[in-house]
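Undergrad: As numbered in my numbering, the sequence shown has no gaps in its residue numbers, which increase by one up to the final residue, 729.
We treat Cβ as the ideally placed atom computed from N, Cα and C, and that holds for glycine.
Everything numeric in this text was worked out from a predicted model, so none of it was measured.
This is the structure, below, for whatever I ask next.
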Amino acid sequence: MIESSRVFRRRAFHRQKAHLILSAMRHRAAELGSQCDYRRTDTYRAGLSGIDEPLDVVQPTSWAALHLVEALIAERDLEGLPARGFATSRTDFASWADGRGGKRLLLEDFYRDARLRLDLLMEGDRPITGQWNYDADNRAAPPKTATLGVADPWWPAEDEVDAQVRADLDQMAAEGVEFVGADGPRRFAATRAEAVAALSHFIEHRLPDFGRYEDAMLSGDRWMSHSLLSAPMNLGLLDPLEVVQAAEHAYAEGHASIASVEGFVRQIIGWRDYIWHLYWYLGEDYRSGNALAARHRLPTWFAELDPTGTEAACLSSALTSVRESGWAHHIPRLMVLGNYALQRGWDPAALTDWFHRSFVDGYDWVMVPNVVGMSQHADGGVLATKPYAAGGNYINKMSDYCGECVFDPKVRVGENACPFTAGYWLFLHRHRDEFARNHRMSQMVRGLDRLTDLDELIEQGPRG
Ligand SMILES: Cc1cc2nc3c(=O)[nH]c(=O)nc-3n(C[C@H](O)[C@H](O)[C@H](O)COP(=O)(O)OP(=O)(O)OC[C@H]3O[C@@H](n4cnc5c(N)ncnc54)[C@H](O)[C@@H]3O)c2cc1C
Ligand code: SF4
């Protein structure tokens, strides 16, 4: 195993992400004992020096690392192995996608194909309840309570490996290596045993409430009923199939409803695998898509995870969550952080880099399609037929933020104009011509014609 110090010197990662990855690597090395040759070097290439034996390498998780592996294969005795950690193989995905001529690669179709192929929640070739998808039951507004009231997520206990990682990171910081975000207790599983404990805890205590409030946000409940399993799955500590089979078992035992279990299974063998395969299938140039010609830089407060840089309660809370834990759930990522950037025309490549560095579960394969495609519509509609842009009304419906905010989600011009509402209309105005040609957007664009205060709004700007 090679711990490359240059990785941290090149870009400013979240302090807790650096901690998690080093902790996971060092714990694994300790488990392997003398079977593991653990090298701390400047680069990966330097880590291979002096090894003459043949080596195998599992397919890495970025185009850049794949190119390094390809170069090494040409230079030395190194065999590339297929990727691990996904439920659908590359061959199965290619045959599904090629079967439709590489077009209309819809998540729902891929997901149904995967359910059938993997025999999950199925009775023969039919979904077990007769219904494929409980998406409509997964979007309830939050309850009018401060928290969801479910058991806390599983938390790890740090040990001497973590203490050493923390000391090493302190030393790196003292030597000038930059990190973003706050240091804090490790929140995510770093060993196989911890990951299995985190999975069991989620299935037993939190899965039953997962489905209904999947999209809801509460200012007093950062974790809601989410699994926090993306980090251990992406680290290879849990196999996605064992995760969804555990959820399927909970349904069979009557422990969780079909809406919760199906919703969870869809996220993993559906979305997670779909994103992974699209990353490779759509090719290396996909990352540089910028269909909406968004070129603005990220403001310093956002780049540095400073929640005091904005008065918008929802945005400040999402940034606090990222700053304090390197994590926020899907809706703050998509409908708060991503939505805000989309409305303001921030450069999608810079935003992808920001997400990648700031989130504990961020890797190139998962950030590029999620940010360039899903969140910023920079691929021109390959991954989502319309941009995920929304005004303050959506956030007001799905959270309790607006009540404590200095802005008013219904107002777009004036002192208390909501930056999301103002930003939404200005975004539509900026792209009026191209959206008028998109049948899913044309109705929203027509709404612009009914605004009597558009000139004032343009003069005021998006605020916030
Ligand atoms: C802009 C943006 C950036 C994102 N960045 C990442 C990232 O860097 N790494 C990452 O793993 N996920 C990413 N996601 C997807 C999703 O938000 C996270 O997987 C999820 O919030 C992690 O928390 P959780 O494990 O509690 O998820 P849960 O809500 O419990 O969901 C269960 C699992 O579903 C999977 N999943 C669901 N949606 C996606 C998706 N769109 N892409 C990949 N996996 C998905 C994850 O493995 C997750 O653990 C991103 C989404 C958006 C919109
Ligand atoms: S009023 Fe606007 S800025 Fe404030 S919390 Fe609501 S959506 Fe966010």
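Let me know the secondary structure DSSP gives D400 once reduced to three states.
TA: In this structure, D400 counts as helix in the three-state DSSP scheme.
Undergrad: For A460 versus L500, is the C-beta distance shorter than 9 Å?
TA: Their beta carbons are under 9 Å apart, which means A460 touches L500 by this criterion.
Undergrad: Alpha carbon to alpha carbon, what distance is there between L285 and I452?
TA: The question names Ile, yet the displayed sequence has Arg at residue 452. Approximately 9 Å between the Cα atoms of the pair.
Undergrad: Are there three or more Cβ pairs, one per stretch, closer than 8 Å when the region 286 to 296 is compared with the region 595 to 608?
TA: Touching, no, given that fewer than three Cβ pairs across the two stretches are closer than 8 Å.
Undergrad: To the nearest angstrom, how far is it from the Cα of Y303 to the Cα of G312?
TA: So the two alpha carbons sit approximately 9 Å from each other.
Undergrad: Does ligand 1 have even one heavy atom less than 8 Å from the beta-carbon of D644?
TA: D644 Cβ: outside cutoff for every heavy atom of ligand 1.
Undergrad: In angstroms, rounded to a whole number, what distance separates the CA positions of L381 and W361?
TA: If I take the Cα positions, the gap works out to 13 Å.
Undergrad: Any chance the CB of F278 is under 8 Å from a heavy atom of ligand 2?
TA: No, since every heavy atom of ligand 2 falls outside the 8 Å radius drawn around the Cβ of F278.
Undergrad: According to the neighbour-count rule (16 or more other Cβ atoms, all chains shown, within 10 Å of its Cβ), is V671 buried or exposed?
TA: Exposed.
Undergrad: Straight-line CA distance for R702 to K651?
TA: If I take the Cα positions, the gap works out to 12 Å.
Undergrad: Out of R271, W566, P450, V647, which has the shortest C-alpha to C-alpha gap to S590?
TA: Looking at the Cα atoms, P450 is the closest of the given residues.
Undergrad: Please identify the residue among Q608, G610, N635 whose C-alpha is closest to the C-alpha of H621.
TA: Answer by Cα proximity: N635.
Undergrad: Within a Cβ cutoff of 8 Å, which residues of the same chain sit near R391, ignoring the five residues on either side of it in sequence?
TA: Here the set comprises nothing.
Undergrad: What first and last residue would you give for the alpha helix (DSSP H) that runs through E721?
TA: Taken as a continuous stretch (DSSP letters only), the alpha helix (DSSP H) holding E721 covers 719 to 725.
Undergrad: With DSSP run on the structure shown, which of helix, strand or coil describes M305?
TA: According to the sequence provided, residue 305 is Arg. The question's Met does not apply to it. Strand at R305.
Undergrad: Our contact map puts R477 next to A521 with C-beta atoms below 8 Å; I'd like the distance itself, whole angstroms only.
TA: Not really, about 11 Å apart at Cβ, beyond 8 Å.
Undergrad: What does the alpha-carbon distance come out to for the pair W690 and D665?
TA: W690 and D665: Cα-Cα distance of roughly 23 Å.
Undergrad: List in chain order: all unbroken alpha helix (DSSP H) runs of 4+ residues lying wholly within the region 308 to 378.
TA: Entirely contained in the region 308 to 378, the alpha helix (DSSP H) runs reaching 4 residues are, in chain order, 309 to 312, 328 to 340, 355 to 363.
Undergrad: Nearest to D673 by CA position, among E576, V442, F475, is which residue?
TA: Ranking E576, V442, F475 by Cα distance to D673 puts E576 first.
Undergrad: Taking only runs that begin and end inside the region 445 to 470, name each unbroken beta strand (DSSP E) of 3 or more residues, in chain order.
TA: List check, beta strand (DSSP E) in window: nothing returned.
Undergrad: By the DSSP assignment, the alpha helix (DSSP H) with E699 in it spans what residues?
TA: Unbroken alpha helix (DSSP H) run through E699: 697 to 701.
Undergrad: Pull up the distance between the alpha-carbon of F273 and that of T717, whole angstroms please.
TA: So the alpha carbons of these two residues sit roughly 51 Å apart.
Undergrad: Would you mind reading off the limits of the alpha helix (DSSP H) that contains I660?
TA: Per DSSP, I660 belongs to the alpha helix (DSSP H) from 657 to 663.
Undergrad: Which first and last residues belong to the alpha helix (DSSP H) in which E440 is found?
TA: It is not in any alpha helix (DSSP H) - E440 carries neither H nor E in the DSSP assignment.
Undergrad: Would you say I660 touches ligand 2, meaning its beta carbon is less than 8 Å from a heavy atom?
TA: The answer is yes for I660.
Undergrad: Please classify P421 as buried or exposed, where buried requires at least 16 other C-beta atoms within 10 Å of its C-beta.
TA: Classification for P421: buried.
Undergrad: By DSSP, does P392 sit in helix, in strand, or in coil?
TA: P392 falls in the strand class under three-state DSSP.
Undergrad: Going by C-alpha distance, which of L648, H279, M600, T326 is nearest A481?
TA: The option with the nearest alpha carbon to A481 is M600.
Undergrad: Closer than 8 Å is the cut-off here; do at least three beta carbon pairs connect the region 314 to 329 with the region 341 to 356?
TA: Contact holds: three or more Cβ-Cβ distances are below 8 Å.
Undergrad: So, does the region 512 to 531 touch the region 352 to 371, judging by three or more C-beta pairs under 8 Å?
TA: Cβ pair count under 8 Å is below three, so no.
Undergrad: Which residues end up in the neighbourhood of ligand 2 when you take C-beta atoms closer than 5 Å to any of its heavy atoms?
TA: Chain-ordered list of matching residues: A577, A578, C579, G657, I660, Y666, C667, C670, F672, P674, C683, F685.
Undergrad: Is the separation between the beta-carbon of I523 and that of T353 shorter than 9 Å?
TA: The answer is no: Cβ separation not under 9 Å.
Undergrad: Among residues of its own chain, excluding the 5 on either side of A336, which ones have a beta-carbon nearer than 8 Å to its beta-carbon?
TA: For A336, where only same-chain residues beyond five positions count, there are no Cβ hits under 8 Å.
Undergrad: What number of angstroms, rounded off, separates the C-alpha of Y376 from the C-alpha of P408?
TA: In a straight line, the C-alpha of Y376 is about 30 Å away from that of P408.
Undergrad: Can you tell me the Cα-Cα spacing of D433 and A283, whole angstroms?
TA: Distance between the alpha carbons of D433 and A283: 11 Å.
Undergrad: Does H279 come out as helix, strand or coil in the three-state DSSP assignment?
TA: Looking at H279 - three-state DSSP - the assignment turns out to be strand.
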